[in-house]
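Here the structure is laid out as structure tokens; the discussion comes afterwards.
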Amino acid sequence: MREEPRESSRGEGVRGGSARNDGAGALLSLEAIEKWYGEVHALRGVTLEVYPREIVGLIGDNGAGKSTLIKIISGVVPRSSGAIRWKGRKVRVGSVREARRLGIETVHQDRAVVGSMSVARNIFLGREPTRWMGPFRVLDRARMAQEAERLVKYLNLNISSVDQDVRFCSGGEMQGVAISRAMHFKASLVILDEPTTALAVSGVQTVLDFITRLKRDGIACLFVTHNLHDVYAVADRFIVMARGSVAAVVERKDCTVEDLARLQVTRKAGA
Amino acid sequence: MKKILVFFSALILAGPLAFGMGAKERSKPSIFIGLDTKTVTNSWEGYFQDSFEWFAKDHGWKYIADEAGGDPAVQITQARQMIDSGVQGLIVSAQDAVAAKPIVEFAAQKNIPVFTADADINSPNVKMYVGFSGERAGSELTQRLVDFLTSKHNGQVKGTVLEMMGPLGGASSMDRSKGFHDVIDKYPGVKVIQAVGDFQEAPGKTAALNVLRANPHIDACYSANGPMAVGAVEAMKDLSIDPSKVFTVTIDATPGVLAMIKSGDIRMALDQAPGFYTAIAAHYLVEYLRNGQAGLPKVGDTIKGSDLTLSTGVKHAGQDIWADNNAWAPAKITQEFGHLWFQTGAVLVTKDNADSPALWANIKLPGKA
Amino acid sequence: MTGAHRSLAQSAQLFIVRNLIWAILVVVFLAFSVTLPNFFTLENVHLILYVASALGMLVFAESLVLVSGNMDLSIAHIAGLSSMFVGALSIQWFHLPGWSAAILMIVVGAMLGSVNGFFVGWVRINPFLVTLSTFLMYNWLTYAINRGAILAVSPALVFLGGGKIFGIFSAIFVLILVCFLLGFILTRTPFGGYVHAIGGNPEASFMLGISLPWMNFWVFTIAGALAGLCGLLFVGYLDSIPSTIAGGDDIFLAFAGAIIGGISLKGGEGTMSGALGGVLLLGIIDTGTAMTLINPAVRGFLDGLILLLAILINKYRLELRDRILLPRGSAAQAAL
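Protein chains in written order, with our numbering: chain A, 1 to 271; chain B, 272 to 640; chain C, 641 to 976.
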């Protein structure tokens, strides 16, 4: 008989910590994050933690606030109030650059790739290695190609040449390109936003393999999705969001996929 | 952000206000006239409009002037706007002689007299046209060109002539080309090659370059306007054709043309007096407003320089620009298209008289080096 | 799996298709050469390059802007206003040496372009609307300064556009140099990559930390500088500064040259060498039809017809290219 997952008795949202350690040693810690878009209260006091080397599945119905939360963590939009701690220290994730510098990489829903550019260029987009050619700063194409090939091989991507335009890659391969970015730049936390949506079955498996590999390499993952089967296959822990706050937290060993589905539907804050 | 919006809104509103104030006269005038001209893109056209404004200002008349960017439809709209704003008379230089007819009809309904200058409108309701006629100018110049060909080839009229044309379909352009062809087509021994220069230097030079490449041996060049002649000469220079050996003639002695006449690259130009066209038209327009048809000359009259005093005593650009009537006199009064035609004379400018201060291109106009 | 190379035949095919504009150019050139005397001469090639130089600057400017996902309607009038303004400043109002006026024209062009850059980049207004407004403003400002032409231009000012180095028009050197420089920037520098990125996928660029406001700002400013250079070349071409520099057709030709040269209207794609090919093709067609000496009205029609043909061929080129580029046996190719 499984334990009942911890539930909130007052509809304010639950601390998303693991049953094991309560906040100590957390990689990323969010405290009472609020976000207003004009009149719309998108996030209401979200508090959660992500620990090193774990895969956390962030699930919830549409409109639960998952993508807003992701945007705040990855530096795309600023939070209205609340604190963010990284490795115990309070930080302000004011921009994408700052997030990356901390070691937070995001694999976006639309893969954030530029179709007309090559795989190698896409992996390094925004952070190209450069060298000096006389007084000018130019791209170090040799290094980019070399690194790109290494990553592609490591992730077992079926890409014949890193100079190939990304638009010719399949969905799963494009996902691989986006994940290569995270791996190359030594992320500590990789956020994956709906990585398996719009992928064929083979593509899904590839992505799940990537994620397990990330964990093996010591990188924590925040896997955001509404596809419960996919996330159940790889995650250690699940955080369920509803109506802008955390509704439940449950370890994988304590629930089934059906339990998750039930949680997703019945939870709502402000009971 | 809001502050920026407020600032820019204020700026945008200030614009029309400033324009509105500029167009009006300060004194209490009883005469209000308007000029609706086809384009103002070169110094001839600029002077044409400036002269109208100066003349009106000197006389204390209220005035408004606008140009249509070469668009006949815009010209009609502008005329309506001027009439609606209360002008008592209108001077028009039409982009298209036929398309501009609605202006005359509309004005006639409101009893507002319409005069034309430089480019006429084909309507009997026009009170009077002031100008030389591109067709006559073209023919006169071409005759001299033919004389040159004859003497060059020992009595035979043959050779190759480059014709620089304005925008195909423009009234002015068609007139000037017709004048040329009325004369040159009589001589089958003459080969004519055509280049369309759109009345401007750069297209003129490029078109001439293209055409001259296939036919570098030309004896003469007829250009429908000054800027294109300049462009054609530049093309010759780039192709190592000696312009002084080519008999180049053009209508309008613009400053660029004048410089080239003085250096020998252009042989002659037929200069119309832009400064006088609008002054004469304005003068007669006001005469008509005051005295009706009696204020206008009659068909068959010859107006000599001494008959008409246009000088206002006020200097413009450092000169009394309407003092010397030789730029247009003597003028013949004829009838064309059912209305009066004040046919001005034109000055033939060659190296001999290129330095004459009466030439408008020699006046230190604002906006010209 | 990785690092597979294409066969030699494939590489050759790809090369031709990528540079199809040049193949078309050669074909058209030969077609005219066969039917017209005096066409297939060195002098003719020289002159075609010369006449294409000033317009070429505008084509490059428009190409850059298009690749970044924007469009610029005002560059022709930036050319006109910068040359007229600096002309008046350095000749009529003050007396400045010719070479300084030349540099100033480019600088003023950049400043005029930066106005577009500011409104598109920071105020976030649609580039069509912004450049339409500046198009009008700059056009009328030019006339407000001068309606006629400034004639007393100094030899230093005129040199780049009309002078010769070793018997070859210096404007041609400018054309090739600028093409090379811009092409290098676009393909070999991070900045160039960002231009492609914001054109190909602006949301992704934003997510990856590329600053959209700054990129847009610089793209329009550089386009303005190129337009200023265009004005400078025209001054040399005409040996004077008329108020109608780059007026009329030129903005359309700038777009036409860019698009025939392979720049996509959607953004994210295109090369400077393609743009160069485009402007030269326009020049060849224009010269060729002019030299046939048939009725000018018919000539204009022919111009348009040949242009249409070139555009159709170029469109087909893109499909051809994709066909070759797709890895063999991949799902995407099967779908084609």
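Glycine included, every Cβ here is placed at the ideal spot set by N, Cα and C.
### Task
Label B/A550 either buried or exposed according to how many other C-beta atoms from any shown protein chain fall within 10 Å of its C-beta, with 16 as the threshold for buried.
buried
### Query
Can you name, in chain order, every residue of its own chain whose Cβ lies under 7 angstroms from the Cβ of C/T642, other than the five neighbours on each side?
Legend: pLDDT at C/T642 = 35, less than 50; position of this residue unreliable, no value from coordinates given.
### Query
Of the residues B/N382, B/S322 and B/F451, which one's Cα is nearest the Cα of B/K586?
B/S322
### Query
How would you call C/S651, buried or exposed, if buried means at least 16 neighbouring beta carbons within 10 angstroms?
exposed
### Task
Express the C-alpha separation of C/F813 and C/C870 in angstroms, rounding to a whole number.
Rounded to the nearest angstrom, the two C-alpha atoms are 13 angstroms apart.
### Message
Taking its Cβ as the centre, do 16 or more other Cβ atoms sit within 10 Å of B/A625, making it buried, or is it exposed?
### Response
Burial of B/A625 is indicated by the presence of at least 16 other C-beta atoms within 10 angstroms of its C-beta.
### Message
Please confirm whether A/L69 has its beta-carbon closer than 7 angstroms to some beta-carbon of chain C.
### Response
no
### Query
Which runs of the alpha helix (DSSP H) fall wholly inside the stretch 522–556 of chain B and span at least 4 residues, in chain order?
526–534
### Query
When the Cα atoms are used, what is the spatial distance from A/A242 to A/G63?
8 angstroms
### Task
Let me know the secondary structure DSSP gives B/I362 once reduced to three states.
strand
### Message
Using a Cβ-Cβ cutoff of less than 6 angstroms, which residues in the same chain neighbour C/T782 once the five nearest sequence positions on both sides are dropped?
### Response
G720, L721, M724 and S883
### Query
According to DSSP, is B/Y493 helix, strand or coil?
strand
### Task
Give a yes or no on contact between the stretch 680–689 of chain C and the stretch 940–948 of chain C, applying the rule of three or more CB pairs nearer than 8 angstroms.
Judged by pairs of C-beta atoms under 8 angstroms, the stretch 680–689 of chain C does not touch the stretch 940–948 of chain C, as fewer than three such pairs exist.
### Message
Taking only three categories from DSSP, how would you classify C/I881?
### Response
strand
#### Entry: Under 7 angstroms from the C-beta of C/R828: neighbouring residues of chain A
V138 and L139
### Query
Hey, would you say B/V454 sits closer than 7 angstroms to B/D542, going by beta carbons?
Taking 7 angstroms as the cut-off, the beta carbon of B/V454 is found no closer than this to the beta carbon of B/D542.
### Query
Short check: CB of C/G749 to CB of C/G864, under 7 angstroms?
yes
### Task
Whole angstroms is fine: what's the gap from B/G409's alpha carbon to B/A629's?
Linking B/G409 to B/A629 through their CA atoms gives a straight-line distance of about 22 angstroms.
### Query
Around the Cβ of A/W86, are there at least 16 other Cβ atoms within 10 angstroms (buried) or fewer (exposed)?
buried
### Task
Using a threshold of 7 angstroms, state whether the C-beta atoms of A/I191 and A/I70 are closer than that.
yes
### Beta-carbon separation (whole angstroms), B/M499 vs B/G475, contact threshold 8 angstroms
4 angstroms
### Task
List the DSSP bridge partners of A/K35.
A/L43
### Task
Please go through the same chain and pick out, in chain order, the residues whose beta-carbon is closer than 7 angstroms to the beta-carbon of A/D230, but skip the five residues on each side of it.
T196, V204 and L208
### Task
Look up A/R280 in the DSSP assignment and say whether it is helix, strand or coil.
The structure shown does not extend to residue 280 of chain A, since chain A spans only 1 to 271, so no value can be given for it.
### Minimum C-alpha distance to B/S494 - residue among B/V520, B/S364, B/L483 and B/I574
B/V520
### Message
Under 7 angstroms, Cβ to Cβ, is there at least one residue of chain C near A/A198?
### Response
no
### Query
If you draw a straight line from the alpha carbon of A/Y51 to that of A/R131, how long is it in whole angstroms?
37 angstroms
### Message
Cutting at 6 angstroms between CB atoms, please list the residues of its own chain near A/I179, excluding the five before and the five after it.
### Response
V107 and F210
### 7 angstroms Cβ cut-off: residues of chain C touching B/R561
Residues of chain C passing the Cβ test: none, with the nearest at roughly 32 angstroms.
### Query
Which residues, taken in chain order from the stretch 507–534 of chain B, show a beta carbon closer than 9 angstroms to some beta carbon of chain C?
K508, D509, L510, T525, P526, G527 and A530
#### Entry: Secondary structure of A/V250, DSSP reduced to three states
strand
### Cβ of C/A789 within 7 angstroms of any chain A Cβ
no
### Query
Any idea if A/R273 is buried or exposed, counting beta-carbon neighbours within 10 angstroms, 16 or more meaning buried?
Residue 273 of chain A cannot be examined here, being either before or after the span of chain A that is shown, 1 to 271.
#### Entry: B/C492 versus B/A473 - alpha carbon distance
17 angstroms
### Task
With DSSP as the reference, please indicate the residues paired to A/D193 in a beta bridge.
A/V224
### Query
Using the C-alpha atoms, what's the distance from A/S245 back to A/K90?
21 angstroms
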